[in-house]
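Per full-length UniProt numbering, residue 1 is the first one in the sequence shown, and the count goes up by one each step. Note that the Cβ used here is the ideal one computed from N, Cα and C, for glycine as well. Source: prediction; values computed, not measured. So the structure is just underneath, and the comments pick up after that.
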Amino acid sequence: CVLCEAHPTTASSYIQHVYDQHKSNLRSNGISLFCSCGQELRSTKGAWNHNKKCDARLFTLHKLDNN
1 CVLCEAHPTT
11 ASSYIQHVYD
21 QHKSNLRSNG
31 ISLFCSCGQE
41 LRSTKGAWNH
51 NKKCDARLFT
61 LHKLDNN
């Protein structure tokens, strides 16, 4: 996690961790999360649904543009 020392192992667990532990979301922290297949994941529900199609264990974080 870019906000602490935690290491969530899936996209959905990362999103849920930020919500539960930091009472926040990715966008408000200037973060965008992308699955290795190219899908942007913004919410826990969206990430869980995506997990049905794709493992979502390989993901990258991107800093959002301020524009």
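Cβ-Cβ distance between residue i and residue j below 7 angstroms
| i | j | result |
| --- | --- | --- |
| cysteine 35 | leucine 41 | yes |
| alanine 6 | leucine 33 | no |
DSSP bridge partner residues for residue i (one or two, in chain order)
| i | result |
| --- | --- |
| glutamate 40 | Phe34 |
Continuous alpha helix (DSSP H) stretch holding residue i: start and end
| i | result |
| --- | --- |
| alanine 7 | The question names alanine, but residue 7 in the sequence shown is histidine. That residue, histidine 7, is in no alpha helix (DSSP H); it is neither H nor E in DSSP. |
Endpoints, beta strand (DSSP E) assigned at residue i
| i | result |
| --- | --- |
| leucine 61 | 59–63 |
Three-way DSSP call (helix, strand, coil) for residue i in this model
| i | result |
| --- | --- |
| valine 2 | coil |
| serine 24 | coil |
Nearest-angstrom Cα separation, counted from residue j out to residue i
| i | j | result |
| --- | --- | --- |
| glutamine 39 | glycine 46 | 10 angstroms |
| histidine 4 | serine 24 | It is cysteine, not histidine, that sits at residue 4 in the sequence shown. The alpha-carbon atoms of cysteine 4 and serine 24 are separated by roughly 13 angstroms. |
| valine 2 | histidine 22 | 11 angstroms |
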